[in-house]
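K.L.:
One structure is given below, represented as structure tokens, and several questions about it will come after.
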Amino acid sequence: MANNLHIVTSEGASSEAQETVEAKAKEGVTAEPRPEAPQGQAGGNAAAKRSKTPRRLMYGVGAIVIIAAAGYYGHDYWQNGRFEVSTDDAYVQADNSSIAPKISGYLAEVLVKDNETVKAGQPLARIDDRDFRAALDQAKADVAAAQATILAEQASLDIQQSTIAAARATLDVDKANETFAEQNNKRYASLASNGYAAVQTAQQAASQIAAAQASIVRDTATLEGAVKQVALLKAQIGQATAALQKSQAVQHQAELNLSYATIMAPVDGTVGNRTLRIGQYVQAGTQLMSLVPTDQAYVVANYKETQLTNVHAGQPVDIEVDMFPGKVFHGHVDSLAPASGQEFALLPPDNATGNFTKVVQRIPVRIALDPQTMNGGELRPGMSVEPSINTKAGAAL
């Protein structure tokens with residue numbers, strides 16, 4: 001039946017309808033020819049075909065633009081992007097100085113305000129110094145007393161030297177008297193033996209020898225005592241000198257304490273975390289404020305260890321700051337930390353256990369900011385930043 005099927009189509013039927021009928025005939029299904037499309041419908045099909053042409057053109061142009069953009073960014077990545085390593089685990093830091101008094105006392109003056117910029121050597125606050133001035137005056141008096149003691153001991157030593165000289169002169173006189181007495185004794189003894197002098201006179205001459213010898217013994221002892229006194233006086237002078245040095249040290253400490261009453265800025269910076277108030281009693285070592293050297297800020301970025309294969313000191317860094325979207329700061333790699341962050345933790349992990357889990361470690365990288373970047377003083381410690389290190393071969397300062 002299928003083989004004898006005759007397809008009858010109306011004259012002017014579209015080729016599309018005829019193809020459809022023939023296809024159905026081949027499948028063994030009797031199909032009636034599609035009626036002739038009205039003239040208005042044929043015109044609509046032609047208009048639809050014409051409307052598809054601009055759309056296809058738009059798609060083609062869009063595809064070309066996408067391919068061009070992909071090529072541009074692909075080329076840029078191949079030339080530059082693949083050499084850049086970045087992280088968002090990075091912050092601005094600075095070596096802040098904690099300001100604390102070296103002495104205890106009541107605050108008499110506070111000379112700076114919050115967030116004020118100061119220079120090194122500028123006074124920040126003053127502690128009531130009346131007690132320290134009194135201590136300095138007492139120390140000066142002790143120094144003067146020690147100096148007077150040394151002068152008195154030195155004078156005693158000079159007098160003792162004169163006493164020694166007098167004792168030696170007396171001893172010389174005694175020896176001369178002894179010599180005269182011996183000669184006189186010989187003369188009178190000879191005269192008395194010949195009857196020319198009285199025996200009593202000879203005896204008196206002999207006794208004068210004994211008296212002279214006794215004087216020598218006495219004055220020798222006096223001289224020895226005077227010499228020993230010199231050693232004692234010198235020891236006393238040494239003791240007085242040591243007392244003077246101690247008094248001078250106390251005076252110097254009193255002068256330092258008086259100078260410490262004025263708290264000075266050790267570095268250039270900006271005042272922060274100010275907690276001091278006039279009349280407040282402060283203990284030595286108590287933090288009163290902090291000085292932040294904003295012009296010496298730097299960046300510490302915690303990179304994964306797998307990112308640092310080709311990173312070394314001197315490579316340029318572009319830094320984006322969350323506070324300044326669209327603005328890029330510049331710097332360079334200063335140094336890499338000697339160990340990962342966990343090595344400096346208060347309680348380092350013990351990996352010699354059965355539940356070990358490997359975790360990619362992070363190593364701090366210090367990034368120095370270029371001077372022109374720091375001129376504005378815009379960066380503040382604690383800011384979140386995202387640095388990108390250019391590790392391309394030869395990319396160094």
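If you count the sequence shown from 1, position 310 lands on 310 in full-length UniProt numbering, and the numbers rise without skipping.
By construction, the Cβ of each residue, glycine as well, lies at the ideal position given by its N, Cα and C atoms.
Could you give the C-beta distance for Gln236 and Glu178, rounded to a whole number, given that I count them as a contact under 8 Å?
P.N.:
Not confirmed; about 36 Å, so no contact.
K.L.:
Looking at Val333: is its Cβ nearer than 7 Å to the Cβ of Ala313?
P.N.:
Yes. Within cutoff.
K.L.:
Tell me, which residues are paired with Val217 by DSSP?
P.N.:
Beta-bridge pairing links Val217 to no other residue.
K.L.:
Between which two residues does the alpha helix (DSSP H) carrying Gln372 extend?
P.N.:
Counting along the chain, the alpha helix (DSSP H) containing Gln372 begins and ends at Pro371 to Met374.
K.L.:
Measuring only the C-alpha atoms, how far is Met264 from Gln287?
P.N.:
One C-alpha to the other measures close to 14 Å.
K.L.:
Go ahead and pull the three-state DSSP assignment for Lys246.
P.N.:
Of the three classes helix, strand and coil, the one that applies to Lys246 here is helix, per DSSP.
K.L.:
Starting from the C-beta of Thr20, find all residues in its chain whose C-beta is less than 6 Å away, skip the five residues before and the five after it, and write them out in chain order.
P.N.:
Confidence at Thr20 is low in this model, with a pLDDT of 49, below 50, so its placement is unreliable and no value can be given for it.
K.L.:
Once you ignore the five residues that flank Lys175 on each side, which residues in its own chain have a CB closer than 7 Å to its CB?
P.N.:
So the list reads Ile216, once near-sequence residues are dropped.
K.L.:
Candidates Ser104, Ile99, Ala63 and Gly62: which alpha carbon is nearest Val279's?
P.N.:
Note that residue 279 is Gly in the sequence shown, not Val. Nearest of Ser104, Ile99, Ala63 and Gly62 to Gly279, Cα basis: Ser104.
K.L.:
Assuming Val365 and Leu347 make a contact with CB atoms under 8 Å, what is their CB distance in whole Å?
P.N.:
Rounded, the Cβ-Cβ distance is 24 Å, inconsistent with contact.
K.L.:
Among Leu276, Leu111 and Lys246, which one has its Cα closest to the Cα of Lys140?
P.N.:
Minimum Cα distance to Lys140 is reached at Lys246.
K.L.:
DSSP three-state label for Phe344, please.
P.N.:
Phe344 falls in the helix class under three-state DSSP.
K.L.:
Taking C-alpha atoms, which residue in Gln342, Phe329, Gly341 and Lys358 lies nearest to Ile367?
P.N.:
The shortest C-alpha separation from Ile367 is found at Phe329.
K.L.:
Compare the Cα-Cα distances from Leu291 to each of Glu84, Arg82, Ala90 and Asn96 and report the closest residue.
P.N.:
Of the listed residues, the one whose Cα sits closest to Leu291 is Asn96.
K.L.:
Could you tell me if Asp88 is buried or exposed, where buried requires 16 or more neighbouring beta carbons within 10 angstroms of its beta carbon?
P.N.:
Per the 10 Å Cβ criterion, exposed.
K.L.:
What does a CB cutoff of less than 7 Å around Asp219 pick up in its chain, not counting 5 residues either side in sequence?
P.N.:
Closer than 7 Å at the Cβ level, and outside the excluded window around Asp219, lie Ala167, Thr170, Leu171 and Asp174.
K.L.:
Quick check on Gly382: does DSSP put it in helix, strand or coil?
P.N.:
Note: Gly382 maps to coil in three-state DSSP.
K.L.:
Rounded to whole angstroms, what's the CA-CA distance from Tyr91 to Ala144? Just pull it up for me.
P.N.:
In a straight line, the C-alpha of Tyr91 is about 58 Å away from that of Ala144.
K.L.:
Evaluate Gly269 with the Cβ neighbour count: other Cβ atoms within 10 Å of its Cβ, from every protein chain shown; 16 or more gives buried, anything less gives exposed.
P.N.:
So Gly269 counts as buried.
K.L.:
Helix, strand or coil for Gly326? Go by DSSP, reduced to three states.
P.N.:
Three-state result, Gly326: strand.
K.L.:
What's the gap between the Cα of Gly121 and the Cα of Pro266?
P.N.:
Between Gly121 and Pro266, the C-alpha separation is close to 6 Å.
K.L.:
Is the beta carbon of Asp295 less than 7 Å from the beta carbon of Met383?
P.N.:
No; because the gap between Cβ atoms is not below 7 Å, this pair is not in contact.
K.L.:
Using DSSP with H/G/I as helix, E/B as strand and the rest coil, what is Thr391?
P.N.:
Reduced to three states, the DSSP call for Thr391 is coil.
K.L.:
Report back the beta-carbon spacing between Lys102 and Ala284 to the nearest angstrom; my notes put them in contact at under 8 Å.
P.N.:
About 6 Å separates the two Cβ atoms, so the contact holds.
K.L.:
Count the other C-beta atoms from every protein chain shown that fall within 10 angstroms of the C-beta of Phe132, then say buried if there are 16 or more, exposed otherwise.
P.N.:
Phe132 is buried by the Cβ-count criterion.
K.L.:
Would Met289 be called buried (16 or more neighbouring beta carbons within 10 Å of its own) or exposed?
P.N.:
That one is buried.
K.L.:
For Ile64, count neighbouring Cβ atoms within 10 angstroms of its own Cβ and tell me buried if that reaches 16, exposed if not.
P.N.:
Flag for Ile64 reads exposed.
K.L.:
Considering only C-alpha positions, which residue in the set Lys304, Ile99, Ala100 and Leu124 is nearest to Leu111?
P.N.:
With distances taken between Cα atoms, Leu111 lies closest to Leu124.
K.L.:
Does the distance from the CB of Ala261 to the CB of Ile127 come in under 7 Å?
P.N.:
Against a cut-off of 7 Å, the Cβ pair of Ile127 and Ala261 comes out as a contact.
K.L.:
Do Thr163 and Ala226 count as a contact pair if the criterion is CB distance below 7 Å?
P.N.:
Going by C-beta atoms, Ala226 is nearer than 7 Å to Thr163.
K.L.:
State yes or no: is the C-beta of Gly341 within less than 7 Å of the C-beta of Arg362?
P.N.:
Yes, these two residues count as a Cβ contact at 7 Å.
K.L.:
What residue does the beta strand (DSSP E) around Gly285 start on, and which one ends it?
P.N.:
From DSSP, Gly285 is part of no beta strand (DSSP E); its letter is neither H nor E.
K.L.:
With H, G and I counted as helix, E and B as strand and the rest as coil, what does DSSP make of Val360?
P.N.:
If DSSP states are grouped into helix, strand and coil, Val360 belongs with coil.
K.L.:
In three-state terms, what does DSSP make of Gly28?
P.N.:
The predicted model places Gly28 with a pLDDT of 46, which falls under 50 and marks its position as unreliable, so this point remains unresolved.
K.L.:
Which residue's Cα is closest to the Cα of Arg380: Thr117, Ser388, Ala243 and Pro293?
P.N.:
Selected option, being the one with the closest Cα: Pro293.
K.L.:
Enumerate in chain order the residues of its own chain whose CB-to-CB distance from Glu320 is below 7 Å, with the five nearest sequence positions on each side excluded.
P.N.:
The answer, listed in chain order, is Val328, Val385 and Glu386.
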